[in-house]
Amino acid sequence: MADQSKRLAERSEQARSNPLADQLKEVPVIDMDVHTSFRNEEIQRDLLKHLDDPYKREIEYYLQPGTSSYDGMYPTDNYNRDLSGKLPTELMQVTDPKEDIDDVLSREFHVDYPIVNMLPELNMVRQTDKAVALNEAANKVLVERFLDGHDNFYGLASVVPHDPAAAAEEIDRFASEDQICGVFLNSTGTKTPLGDEKYDPIYRAAEDNDLPVVFHGAAAPGLALDFPTLQHELQTYMANHALAHVYSQFLTLTSLFENGTPAKFPGVDFVFQEAGIAWLSLIFRLNREYKQRRSEVPLLEKTPEEYVRDQFYFATQPLDEPNDPVMMKQLVEMWGGDVLMFATDHPHFDIDNTEALLKYLGNFSEEDRNKVLYGNSAEVFDIDVS
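Add 639 to a position in the sequence shown, counting from 1, and you land on the number used in the numbering used here.
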């Protein structure tokens, strides 16, 4: 734990010199993207309590001494993700809600309310019944291990796209949990883009239960082979990690507009996380296409940008790094305080801290800064920060 804490502290040390950092002591902070270490042995053993054979037996096999990995259980790739140990993809394993989330985030990042997702990455699991069973078990572990007994924690109920009707049932099942505040969908690994009408049961269930839908970008295991196809010939994780999150999120966003999803479900807020915000200028391309080809998207009643400003939100992480930091500040200011949400992506290597974000919010009013730090998340996820 000491080495892990040291790595996290090193990420914060320089940013803490920001003159705006003192305001973090005065306002609540919501982190809307906190992950667990889903493949950690402790969490896998928790899954066993909620699985039947054959999938229970399958996990038990991979937990035996002498088995090297979960390669047969979960899709993987062969990228050198951690540069042979030089750049760990996770700064620490997250299995304990207090030690690994609350203590770390409150100490290093001033976070008061973490919104936790299990990040099960099951979209690439081939068998539908297996993906559905593992996903339901993951949601039960989220509630029992990470939410129960931690009143300041909130969670996103994961769904998988394999069976939209089953996903809708999963939303109905977990929506009654007091600390479940949204629906979690991985944008990567889907066979059909997530705006397709076959997924309407998911969005209808979210709307019926007054829950936002959160799309998570990822360079997920197995991604290079199956999604998006343009990545098939990429040779390095550097290229994969640069492209995958943004590509999958823009494809998802485009698909939502192509099929009129925000118009069909006006009560749903759509949230995109872990792709940063530099890609948002691509929304202006959608504006152009909409104006020229409006007949192809008859359900849309206004420009995509107008829908974005009414129903869409974007996590700030990862903060992109132009050589001239003024350009990043301009990007943040272009979208303003109404659509941005602070996120760390704890415990991943490209984690962002609150002070790093604050340096780009210097020209924001106090009201708009607070919207980004907690206000938008509090409203969308229905979190009482009083």
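Using N, Cα and C, we set each Cβ at its ideal position, and we do this for glycine too.
Starting from D742, trace the alpha helix (DSSP H) in both directions and tell me its first and last residue. D742 to F748
Taking buried to mean at least 16 other C-beta atoms within 10 Å of its own C-beta, is Q947 buried or exposed? In the sequence on display, residue 947 carries Val and not Gln. Answer is buried; the Cβ neighbour count reaches 16.
Would you kindly report the start and end of the unbroken alpha helix (DSSP H) that includes L925? I922 to Q931
Using the Cβ count rule (16 or more neighbours within 10 Å means buried), how would you classify Y713? buried
Closest to A807 by C-alpha separation, out of E738, D847, L744 and D984, would be which residue? D847
From L1000, T942, V978 and V771, pick the residue whose C-alpha is nearest to that of P964; which is it? L1000
Using the Cβ count rule (16 or more neighbours within 10 Å means buried), how would you classify A845? buried
Tell me whether D787 is buried or exposed, calling it buried when 16 or more other Cβ atoms sit within 10 Å of its Cβ. exposed
Whole angstroms is fine: what's the gap from A777's alpha carbon to Q732's? 17 Å
Alpha carbon to alpha carbon, how far is M763 from G794? 23 Å
Look up P905 in the DSSP assignment and say whether it is helix, strand or coil. coil
Could you check if T900 is buried or exposed, using at least 16 other CB atoms within 10 Å of its CB as the buried criterion? buried
What are the start and end residues of the beta strand (DSSP E) that includes F854? V852 to H855
Which two residues bound the contiguous alpha helix (DSSP H) that contains L773? T767 to V780
Near P1053, which residues of its chain fall below 6 Å by C-beta distance, leaving aside the five closest residues on each side in sequence? Not covered by the structure: residue 1053. The range shown for the chain is 640 to 1025.
With a cut-off of 8 Å on the beta carbons, I'd call T955 and V668 a contact; round off their distance for me. T955 to V668, Cβ: 12 Å. No contact.
Pairwise C-alpha distance: E940 and E897: 12 Å
In terms of alpha-carbon separation, which member of E760, L758, R746 and D741 lies closest to Y752? D741
Check whether the Cβ atoms of I810 and V799 lie closer than 8 Å to each other. no
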